[in-house]
Each structure stands twice: as C-alpha cells, then as structure tokens.
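Residue numbers (this note's numbering): 42 to 511. First the structure, in the form of structure tokens, and then the observations on it.
Pasting the structure below:
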C-alpha cells in the first residue's frame with residue numbers, strides 16, 4: 042500500500058524508531074491519530090516494536106470528550122494493545138496558570154505523555170502531526186515573526202517525540218481511513234475559529250489557495266524543507282564560529298573575543314550570541330530583541346557597558362571581551378528552608394521559582410527517564426513526611442539514582458560539573474530524616490526510586506516565578 046511505503050520511508054529517513062523499542066502512540070480518536078495507530082499496527086512486526094496507546098481527555102467538550110475516550114479504549118482493545126487513558130481539567134489549569142486554552146492544553150498534554158512514557162516503559166512517543174499541520178505551523182510562525190527555525194516548522198523528531206505522518210497530507214489520511222474502514226471521531230473544537238490555528242486552517246489557507254496559490258500547502262512544505270536544511274547548516278557553522286571566538290569558559294562565565302565576534306557575518310553573530318547565552322543560562326530561545334541589544338553592546342553602539350538578559354544573565358563588555366555571567370553571582374551564597382506542601386505549591390522567593398507537587402495513586406511506573414530535568418517522580422511511600430526544600434549544608438550526603446552507594450553532595454556536584462555559583466542556589470528536597478530525596482533539576486535519590494511495587498507516586502515540578510505566574 043502506498044501509505045505504508047510513505048510512512049516506512051519517513052521513519053527510516055528520520056531514524057525515528059529502532060527494533061526492540063516500545064512506542065507510545067498518542068491517539069485522540071481523530072483521523073490522523075487513528076490512521077497512525079492502524080499503520081503502526083501493520084508495521085510493528087516489520088519494525089520489531091511494541092505499541093501502547095495514550096489518550097488524554099481534556100474535559101473541554103463534555104460527553105463528546107468522554108465518548109472519544111471510550112472510543113480509544115475500544116480501539117486499543119480491538120488491536121489488543123495496552124492503553125493509558127487519563128483525564129485532566131484543562132480549563133481549571135488554564136485559569137490557575139494564566140494561559141491561553143491552547144497553551145494550557147498543550148502543557149497538560151505533554152505532562153501526560155511524560156507520565157505515560159514511564160507508565161508504559163516506552164522509548165518513543167509517536168504523534169499524528171501530518172503535512173497540513175506542518176504547513177499551518179509554518180504559516181502561523183511566519184505571521185508571528187520568526188527566523189529559519191520557525192520557518193522549518195514542526196521537527197519530524199524532537200527528543201523522544203516522533204511524527205511518522207509528517208510527510209502525509211490530510212487528504213491522503215482521509216482516503217486511507219475510508220479504504221481501511223476506519224471510523225475516526227470528529228472533534229468539534231477543530232471547527233471553532235476562535236483558536237488561531239483553526240482560523241488559519243479554516244479561513245486563511247483556503248483564502249490563499251483561492252486568491253494566490255492553489256497549491257499553497259505544497260509551497261509551504263517546500264519552504265519548511267529548505268529552511269530545515271539551511272538551519273542545520275547555519276547551526277553547524279555557528280557552533281564552529283562559537284568555538285573560534287570563545288576566549289574563556291569558566292565555572293562562572295563565558296567570555297568571547299569581541300573583535301573576532303564582530304568580524305563574523307551578522308547571521309552567525311546572532312547565533313553565536315544565542316549559543317553563549319544558552320551555555321551561560323542553561324536555557325534556549327533568546328529573543329531577537331535581546332540578541333540585537335547584545336550586539337549593540339559589543340559594538341559600543343548603545344554607550345552601555347552591561348545589560349541584563351533573561352535567565353538571570355548579565356552580558357558585560359570588559360576591554361576587548363564580551364562576558365556572559367550569572368547576575369546571581371553578584372549576590373553571593375544564601376540559605377533558605379521551607380516546608381513543602383504535598384500536594385500543592387511552595388514558592389521559593391530567593392530563587393523566584395515554585396515547586397509544585399502532586400500525588401498519583403495506583404501508579405506502576407518503573408522508568409522515570411521520560412521526565413524533563415525540572416520534573417521528578419519518586420515512590421511516595423519510601424519518603425518520610427513532612428518534606429522540606431532547602432539549600433545545601435556542609436556535610437550533606439546524597440545517594441544518587443543509578444549509582445551504588447552514598448557520597449558527599451559536594452562530590453556529586455563536582456562529578457556533574459555544576460558551576461560553583463549554582464550549588465548554593467540548587468533546591469534540595471529532603472524528608473524528615475534529612476535524607477536528600479531530589480537534587481532539584483538534577484537527580485532523585487536511589488532509595489526512593491520507582492519500582493514494580495510502587496503504588497503511590499510523588500510528582501515534583503520546578504517552574505519559574507510565583508504560583509500566579511507560571
């Protein structure tokens with residue numbers, strides 16, 4: 042079948058899946074995800090993979106959403122595939138965290154996928170994004186203003202997330218569903234043009250097809266393909282240039298040679314600045330405005346000698362060098378201790394971060410590896426309440442997950458090459474025996490890891506800002 046060949050080629054081209062993997066398939070019940078599941082079922086023996094279905098009921102469409110969940114359960118049963126099905130109050134989450142409905146749904150959904158990865162012991166999450174979604178994303182990014190990365194659109198592979206249908210059109214998927222006798226659900230929210238993406242799909246693209254280019258989707262996909270290749274090349278060149286202009290890389294700072302930086306082409310200058318900031322801050326995505334301010338500083342166009350950047354970073358000109366350093370370094374060490382609300386949220390004003398906790402019942406995760414660095418899961422029954430969050434103390438001992446034995450926390454920090462300036466600002470979650478449960482953003486303790494006997498899980502998540510400004 043043509044569809045199977047196309048998806049097979051996409052999987053191979055982007056090295057999405059390897060033999061022996063367990064693939065978690067995100068299934069909403071709509072045509073894209075239902076087709077994806079059916080295709081992977083047909084290819085699983087050839088690919089030598091196991092499958093698991095994941096579905097999240099967002100509780101936004103009442104009985105319709107409940108019916109979607111039942112449909113997905115039945116579908117998984119028909120294929121004899123295990124399913125992880127949960128529900129979440131996205132509307133409440135949106136209100137609590139001050140997000141748009143689209144942002145809230147996306148954040149809740151990816152948190153669910155992270156949990157489901159662990160639940161299933163899966164290696165990859167396969168999502169149903171297809172070629173039309175790609176075109177709509179490129180157009181959406183273009184409208185907001187973007188660089189090559191935004192014009193490249195949705196990456197076929199991002200970390201553990203893969204998109205086997207990214208080169209298949211919506212029409213091809215609809216035809217496939219008909220030919221296979223599949224009866225996917227219809228999500229009425231996809232018709233609501235209050236959502237920007239729906240308006241692009243239902244109004245803007247048809248208008249562009251009608252008035253300007255009847256093959257606009259193919260044109261946008263071509264643009265994305267071109268930009269993906271050029272973005273990869275420029276990133277490679279920027280990395281080489283960054284190494285060339287790097288004067289010093291210490292525990293406390295990144296130092297660039299200004300003259301060498303300003304001799305680079307402007308496009309590479311911007312990327313080098315982003316790389317330096319990313320390495321200093323541990324974050325990604327420095328906005329264009331901030332990049333331009335750094336370059337103005339380096340060329341002495343704004344008369345300033347330093348400026349503050351997101352991520353608590355200061356860019357500073359020192360003679361012939363441009364220094365990126367943590368502004369917190371100026372403050373020196375500080376100390377705090379707070380009782381942790383379980384479940385709930387504890388704000389740490391010294392760090393301007395919030396530590397959120399949840400308790401998950403009847404959970405059988407054995408693989409916590411699917412969680413990002415700012416999240417952690419531990420066996421609730423193995424820690425002794427009350428829990429506290431505090432800074433390090435002299436003589437702290439840690440039993441890192443995955444390593445045998447205990448060691449001084451200071452030695453652990455040295456082993457992971459944590460800069461000295463960060464050690465006094467790393468939140469430690471400890472139980473009432475002062476055992477370190479989680480070195481925030483780094484690693485949990487081995488004594489409270491999840492096992493096959495785990496039935497109650499403590500989920501922890503660090504987020505910037507106070508609870509009202511997630």
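The C-beta atom is built at its ideal place from N, Cα and C for all residues, glycine as well.
Throw me the rounded Cβ distance for the residue i and residue j pair, which I believe falls under 8 Å.
| i | j | result |
| --- | --- | --- |
| residue 395 | residue 323 | Between residue 323 and residue 395 the Cβ distance is about 18 Å, and since that is not below 8 Å, they are no contact. |
| residue 225 | residue 70 | 6 Å |
| residue 84 | residue 167 | About 11 Å separates the two Cβ atoms, so there is no contact after all. |
| residue 368 | residue 358 | Incorrect: roughly 15 Å between the Cβ atoms, too far for contact. |
| residue 306 | residue 327 | Their Cβ separation, rounded to whole angstroms, is 18 Å, which puts residue 306 and residue 327 out of contact at 8 Å. |
| residue 319 | residue 325 | 5 Å |
| residue 61 | residue 89 | 6 Å |
| residue 131 | residue 99 | 4 Å |
| residue 262 | residue 145 | 29 Å between Cβ atoms; not a contact. |
| residue 180 | residue 241 | 6 Å |
| residue 169 | residue 77 | 5 Å |
| residue 25 | residue 75 | No statement about residue 25 is possible, as the shown extent of the chain runs from 42 to 511 and does not include it. |
| residue 416 | residue 155 | 7 Å |
| residue 423 | residue 398 | Actually they are not in contact, since the Cβ atoms of residue 423 and residue 398 sit about 15 Å apart, beyond 8 Å. |
Below 6 Å CB to CB, which residues in the same chain sit around residue i once its five sequence neighbours on both sides are set aside?
| i | result |
| --- | --- |
| residue 283 | 313 and 316 |
| residue 286 | 297, 298, 301 and 302 |
| residue 193 | 265, 268, 269 and 272 |
| residue 48 | 80 and 205 |
| residue 120 | 82 |
| residue 425 | 472, 473 and 474 |
| residue 113 | 68, 70 and 96 |
| residue 495 | 420 |
Could you check which residue in the options has the C-alpha nearest to that of residue i?
| i | options | result |
| --- | --- | --- |
| residue 73 | 464, 218 and 234 | 218 |
| residue 296 | 355, 271 and 79 | 355 |
| residue 330 | 91, 49 and 186 | 186 |
| residue 435 | 450, 135, 421 and 472 | 450 |
| residue 95 | 209, 68 and 149 | 68 |
| residue 198 | 58, 122 and 426 | 58 |
| residue 153 | 496, 401 and 236 | 401 |
| residue 151 | 128, 136, 227 and 139 | 128 |
| residue 489 | 385, 504, 421 and 473 | 421 |
| residue 157 | 476, 418, 191 and 250 | 418 |
| residue 290 | 383, 263, 365 and 360 | 365 |
| residue 455 | 472, 337 and 483 | 483 |
| residue 215 | 44, 279 and 149 | 44 |
| residue 353 | 134, 392 and 135 | 392 |
| residue 498 | 504, 212 and 384 | 384 |
| residue 387 | 165, 501, 77 and 348 | 501 |
| residue 459 | 481, 470 and 164 | 481 |
| residue 108 | 54, 412 and 227 | 227 |
| residue 437 | 469, 111, 389 and 238 | 469 |
| residue 148 | 423, 253, 413 and 196 | 413 |
Return the chain-ordered list of same chain residues with a C-beta closer than 7 Å to the C-beta of residue i, the five sequence neighbours on each side being excluded.
| i | result |
| --- | --- |
| residue 79 | 221 and 223 |
| residue 407 | Any answer about residue 407 is weak, because its pLDDT of 48 lies below 50 and its placement is not dependable; what the coordinates show is given next. The answer, listed in chain order, is 162, 491, 492 and 493. |
| residue 288 | 296, 297, 298 and 362 |
| residue 208 | 47, 51 and 172 |
| residue 250 | 257 |
| residue 380 | 427 and 429 |
| residue 210 | 171, 172 and 173 |
| residue 279 | 309, 312, 313 and 316 |
| residue 105 | 229 |
Which residues does DSSP pair with residue i in a beta bridge?
| i | result |
| --- | --- |
| residue 402 | 497 |
| residue 49 | Residue 49 pairs with nothing; no bridge assigned. |
| residue 486 | 441 |
| residue 480 | 469 and 484 |
| residue 166 | 65 and 202 |
| residue 416 | 502 |
| residue 207 | Note: residue 207 sits in no beta bridge, so no partner. |
| residue 286 | According to DSSP, which records beta bridges pairwise, residue 286 is partnered with nothing at all. |
| residue 296 | 289 and 364 |
Excluding the 5 residues flanking residue i on each side, which residues of the same chain have their C-beta closer than 8 Å to its C-beta?
| i | result |
| --- | --- |
| residue 189 | 268, 271, 272 and 275 |
| residue 91 | 62, 63, 64 and 85 |
| residue 372 | Note that residue 372 scores a pLDDT of 47, beneath 50, so its modelled location is shaky and nothing firm can be said. |
| residue 486 | 419, 439, 440, 441, 442, 476, 477, 478 and 479 |
| residue 510 | Caution applies to residue 510, whose pLDDT of 37 falls short of 50 and renders its modelled position unreliable; the value that the coordinates give is listed next. Answer for residue 510: 139, listed in chain order. |
Would the C-beta of residue i count as close to the ligand NAP, meaning under 7 Å from any of its heavy atoms?
| i | result |
| --- | --- |
| residue 457 | No copy of the ligand NAP occurs in the structure displayed, which carries no ligand at all. |
Exercise for the section: Just list the alpha helix (DSSP H) runs in the stretch 79-137, keeping only unbroken ones of 4 residues or longer that don't cross its boundaries, in chain order. Expected result: 104-120
Practice task
Go through the stretch 440-469 residue by residue and report every complete run of the alpha helix (DSSP H) that reaches 4 residues or more, in order.
Solution key: 450-456 and 461-464
Problem - Sequence ranges, alpha helix (DSSP H) only - wholly within the stretch 213-252, length at least 4 - result: 237-240 and 246-252
Problem - Length at least 3, wholly inside the stretch 327-400: the beta strand (DSSP E) runs in chain order - result: 347-350, 354-359, 362-367, 378-380 and 385-389
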